[in-house]
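*Asks:* Quick one: this structure, given as structure tokens, is what I'll be asking you about.
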Amino acid sequence: MKHFMKSSAAMIILGALLLFPGCEQTPHGHPHGPNGEHTEEAGHGDHGEQSEAEPIARTEFSEKLLNFFEFAPLKPQEPSSFLIHLTELKTGEPVSQADVKLIIKGPNGKELDTVQAKVGRVTGIYVAEVKIPLEGTYGIDFQVKNEKLQDTLSLKGFQVAANPADPPAEESGSTETVPFLMEQQWMIDMRLAQVETKELATPIHSNGRIIPAANNHAQVSSPVRGRLNGGNLPIVGRRVQADEPIASILETPTAGEMAQVQAALAQVEAARVQTSAQLQSENAAIRNQNAQARIENARLKAEKTSLAEQLDLSQSRLNQAKKEMKRAQGVYEVEGISARELQAAELQLKKAQAEFEQTRAKKDALEKVDPIPLNPQLDVTPPHIDSINTRSALILRAPFSGVVTEVHKSLGEQVDSGEPILEIANTRDVWLTCPVYEKDLGAVHEGVQAQFSVLSYPDREFTASLIHLGEVIDEETRATDAIFQISNQEQLLRLGMQAKVRIAGQTKSKTVVIPKEAVLDREGKKIVYVLVTGEEFERRDVEVSEDFGPMVGVVKGLSPGERVVTQGAYQLFLQETNPADSVVHSHET
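Numbering (the numbering used here), first residue to last: 3 to 591.
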């Protein structure tokens, strides 16, 4: 039990103080001593000498919230202060600036009253004063709403009696618990996870290594006999781009080899000249097409300009005809002109109107016609092998973008035709190879996935898909090699890295699991911290089984439905081993 307020009157005073932030507020409970015990505070007068019932504490959960609250035993017609601590389960943070309402429901489930909770001085704490007129068993709905979340906890079992019985003691698997106040939990964003039972396949464990994919690995060899000459060879680990010059070979050929090289270069040059001529011919045709297009575009522009001018002239004639018609009507009314002259003015107006409409229609139609686009000129792509001179020098280029994994030669060293100089691997996609033992082969099939981790990123798991399983069992190890493919777009995995591999098996069984981060290793034992009440935790020795990636199986020490500490477990360990350094702390609302 958390804050042992010595009387319900003390809780009522506390609620009143919270409503007046301008006054000096006392803590909403007693301060914790070195071992979590409650010490008396000044300002409570003689309440400590009274033998009234202890306050009741409850710890309740929804999918989004942890609601830890205390209240004085409920008596008919007497107010009881509810001290409410709200935590967001997803983040471990206190629920701030929320609208909190308590909906009181009678034994028949009918709503009787709504109490608006006040926001306390400490973020996450709320205070409400509840008064119920008659004895009985009631329910309370805690409605919580702020900008981040909205949730309702419907709770039952609130007993109202003139002489309430002492609240039952909280059950615990240990006589000792570790106190850790809600404010302390909020400071470290403590998070909990529920112990679950899942049907999981028993994994297959192995050790593997990152290797280059077969189609993404190449040896760069010299096509001729010669000597490495000029420039700098790339070092191991350097990234190179496709077609980037990586080595220069100064050939020392025989007369026959020289003739072959010159013939090959002549063929390349002839092909380049032929291609260049073809491109020039095509570019000439493109230039002719573009010239015709420019003529048509100029004509189109001139027609648009002419029609715009004609439309302006038609508009002027129409305006003039309207004025003449208006003047003729006025003169006709005073018998200044004949009906024939009036009709002539009307005819002139209609003619001007028709001419304007026709010109505008032509202009609108022409505006929808777009200019003819011009075609770009063609470019020539240089060949992959360049000659340094017409005699015997060749440049070797990278076949694709990747990383240099091996360098076999040095500058000035003699190389033979076909002899490898260096190796390049494209590490955007890599392979993971690991042994699979004979007894596990039945669970491994094409397409099965594996999760693995490397020392460089111990908190991150990578996923790979099986693409090949060896056909031969090694006589000594009784295993065959499995190859998995991995997308390495982030370039985190490096060739040669060692990996801890977990392959999904086929045999499934119900397993109690918790997050791996909840388990601590202490003096050769596996321990976890289990929530007892909102501010009390129990250290529990556990026996773990299989590793399921972020989860771990538990065969002894926990029951489904219990909640264990994940983020903040180590701080609880420090609290337990050095309580004097971290527990002396009083709550303030």
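Glycine is no exception: its CB is placed at the ideal position from the N, C-alpha and C atoms.
#1: In chain order, what residues of the same chain lie with their CB nearer than 6 Å to the CB of Gly551, ignoring the 5 residues before and after it?
#2: Quick check on Ile106 - is its C-beta less than 8 Å from some C-beta in chain C?
#3: Here's a check: name, in chain order, each residue in its chain whose Cβ is nearer than 8 Å to the Cβ of Ile475, leaving out the five neighbours to either side.
#4: Over the uninterrupted beta strand (DSSP E) stretch that includes Phe575, give me the two end residues.
#5: Between His87, Gln577, Ser458 and Lys353, which lies nearest to Leu495 when the distance is taken from Cα to Cα?
#6: For Ser283, collect the residues of the same chain with a Cβ closer than 7 Å to its Cβ; drop the 5 residues on either side in sequence, then sort them by chain order.
#7: How is the beta strand (DSSP E) around Glu408 delimited, first residue to last?
#8: Looking at C-beta atoms only, is the number of pairs between the stretch 148-168 and the stretch 177-194 that lie closer than 8 Å three or more?
#9: Short check: CB of Ile142 to CB of Lys107, under 8 Å?
#10: Count the other C-beta atoms from every protein chain shown that fall within 10 angstroms of the C-beta of Ser9, then say buried if there are 16 or more, exposed otherwise.
#11: If I'm right that Glu201 touches Ser561 with Cβ under 8 Å, what's the distance once you round it to whole angstroms?
#12: Starting from Asn366, trace the alpha helix (DSSP H) in both directions and tell me its first and last residue.
#13: Within the same chain, show all residues whose beta-carbon is closer than 8 Å to that of Val557, passing over the 5 residues directly before and after it, in chain order.
#14: Under the rule that 16 or more other beta-carbon atoms within 10 Å means buried, what is Tyr572, buried or exposed?
#15: So, is Thr579 buried or exposed, given that buried needs 16 or more other C-beta atoms within 10 angstroms?
#16: Please classify Gln79: does DSSP put it in a helix, a strand, or coil?
#17: Three or more beta-carbon pairs under 8 Å between the stretch 64-79 and the stretch 105-125, yes or no?
#18: Pairing CB atoms from the stretch 213-220 with CB atoms from the stretch 424-442, are three or more of them under 8 Å?
#19: Determine which residues share a DSSP beta bridge with Ala220 and list them.
#20: Could you tell me which residues DSSP puts in a beta bridge with Arg241?
#21: Going by beta-carbon coordinates alone, are Ser278 and Gly420 separated by less than 8 Å?
#22: Would Leu88 pass as a contact of Asn69 if the rule is Cβ separation under 8 Å?
#23: In terms of residues, what are the limits of the beta strand (DSSP E) holding Glu463?
#24: Going straight from the alpha carbon of Glu326 to that of Ala347, what length do you get?
#25: I need the boundaries of the beta strand (DSSP E) containing Glu538, first residue and last residue.
#26: If we ignore side chains and look at the alpha-carbon of each, how far apart do Met184 and Gly536 end up?
#27: By DSSP's criteria, Leu495 is part of a beta bridge. Which residues make up the other side?
#28: Just mark Ser83 as buried or exposed, buried being the case when its beta carbon has 16 or more other beta carbons within 10 Å.
#29: Per the DSSP calculation, Tyr128 is bridged to which residue(s)?
#30: Taking 8 Å as the cut-off, does the stretch 266-275 touch the stretch 323-341 (at least 3 CB pairs, one atom from each stretch)?
#31: Taking only the alpha-carbon atoms, compute the straight-line gap between Gly232 and Arg296 and give it to the nearest angstrom.
#32: Measuring straight from C-alpha to C-alpha, what distance separates Thr465 and Gln487?
#33: Measure the alpha-carbon distance for Ala268 versus Gly258 and round it to whole angstroms.
#34: Taking 8 Å as the cut-off, decide whether the C-beta atoms of Arg542 and Val532 are in contact.
#35: Evaluate the contact criterion for the stretch 514-524 versus the stretch 233-245: three or more CB pairs, one atom per stretch, below 8 Å.
#36: Using 8 Å for Cβ pairs, my map puts Thr132 next to Val117. What's the rounded Cβ distance?
*Replies:* In brief:
#1: Start at 1 with the first residue of the sequence shown, and residue 551 comes out as number 549. Taken in chain order, the residues that qualify are Gln453 and Glu463.
#2: Checking the listed chains, one finds no chain C in this structure; it contains a single protein chain.
#3: Against the sequence shown, residue 475 aligns to sequence position 473. Same-chain partners within the cutoff: Glu440, Ala481 and Thr482.
#4: As a working note, residue 575 is residue 573 in the sequence shown. Premise fails: Phe575 lies in the alpha helix (DSSP H), Ala571 to Thr579, not in any beta strand (DSSP E).
#5: Reading the sequence shown from its first residue, position 493 is the one you call residue 495. That would be Ser458, whose Cα lies nearest to the Cα of Leu495.
#6: In the sequence shown, residue 283 corresponds to position 281, counting from 1. Answer for Ser283: no residue qualifies.
#7: Here residue 408 refers to the residue found at position 406 of the sequence shown. Gly404 to Val409 is the extent of the beta strand (DSSP E) around Glu408.
#8: no
#9: Along the sequence shown, one-based indexing puts residue 142 at 140. Along the sequence shown, one-based indexing puts residue 107 at 105. Yes.
#10: Indexing the sequence shown from 1 puts residue 9 at position 7. With a pLDDT of only 34 at Ser9, under the threshold of 50, the placement of this residue in the model should not be trusted, and no figure is reported.
#11: On the sequence shown, residue 201 is found 199 positions in, with the first residue counted as 1. On the sequence shown, residue 561 is found 559 positions in, with the first residue counted as 1. About 18 Å separates the two Cβ atoms, so there is no contact after all.
#12: Indexing the sequence shown from 1 puts residue 366 at position 364. Looking at the sequence itself, residue 366 is Asp, so the reference to Asn does not match. First-last of the alpha helix (DSSP H) with Asp366: Ala341 to Glu369.
#13: Numbered from its first residue, the sequence shown carries residue 557 at position 555. So the qualifying residues of the chain are Val514, Glu545, Val546 and Ser547.
#14: Against the sequence shown, residue 572 aligns to sequence position 570. So Tyr572 counts as exposed.
#15: The sequence position of residue 579 within the sequence shown is 577, counting from 1. When all chains shown are included, Thr579 counts as exposed.
#16: For the purposes of this step, residue 79 is taken as residue 77 along the sequence shown, with counting starting at 1. Of the three classes helix, strand and coil, the one that applies to Gln79 here is coil, per DSSP.
#17: no
#18: yes
#19: To locate residue 220, count along the sequence shown from 1; it is residue 218. Paired residue(s): Ile426.
#20: The count along the sequence shown starts at 1 and reaches residue 241 at position 239. DSSP lists Val405 as partners of Arg241.
#21: As a working note, residue 278 is residue 276 in the sequence shown. As a working note, residue 420 is residue 418 in the sequence shown. No, Cβ-Cβ distance for Ser278 and Gly420 is not below 8 Å.
#22: Mapped onto the sequence shown, residue 88 falls at position 86. Mapped onto the sequence shown, residue 69 falls at position 67. Result yes, Cβ atoms of Leu88 and Asn69 sit closer than 8 Å.
#23: Mapped onto the sequence shown, residue 463 falls at position 461. Element bounds for Glu463: Tyr459 to Leu471.
#24: Residue 326 sits at position 324 when you count from the first residue of the sequence shown. Residue 347 sits at position 345 when you count from the first residue of the sequence shown. Approximately 7 Å between the Cα atoms of the pair.
#25: Start at 1 with the first residue of the sequence shown, and residue 538 comes out as number 536. From DSSP, the beta strand (DSSP E) with Glu538 extends over Glu538 to Phe550.
#26: As a working note, residue 184 is residue 182 in the sequence shown. As a working note, residue 536 is residue 534 in the sequence shown. Spanning the two alpha carbons is a distance of roughly 7 Å.
#27: Stepping through the sequence shown from its first residue, residue 495 is reached at position 493. DSSP output for Leu495 lists no bridge partner at all.
#28: In the sequence shown, the residue the question calls residue 83 occupies position 81. Flag for Ser83 reads buried.
#29: Taking the sequence shown and counting its residues from 1, one reaches residue 128 at position 126. The partner list for Tyr128 (beta bridge, DSSP) reads Ile86 and Val121.
#30: no
#31: The residue labelled residue 232 in the question sits at position 230 within the sequence shown. The residue labelled residue 296 in the question sits at position 294 within the sequence shown. Each residue's alpha carbon lies about 51 Å from the other.
#32: As a position in the sequence shown, residue 465 is number 463, starting the count at 1. As a position in the sequence shown, residue 487 is number 485, starting the count at 1. Their backbone Cα atoms lie some 9 Å apart in a straight line.
#33: Position 266 of the sequence shown, counting from 1, holds the residue named residue 268. Position 256 of the sequence shown, counting from 1, holds the residue named residue 258. Answer to the nearest angstrom: the Cα atoms are 15 Å apart.
#34: Indexing the sequence shown from 1 puts residue 542 at position 540. Indexing the sequence shown from 1 puts residue 532 at position 530. Cβ atoms of Arg542 and Val532: closer than 8 Å.
#35: no
#36: Sequence index remark: in the sequence shown, residue 132 carries index 130 (1-based). Sequence index remark: in the sequence shown, residue 117 carries index 115 (1-based). Reading the sequence as shown, one finds Val at residue 132 and not Thr. Their Cβ separation, rounded to whole angstroms, is 6 Å, which keeps Val132 and Val117 in contact under 8 Å.
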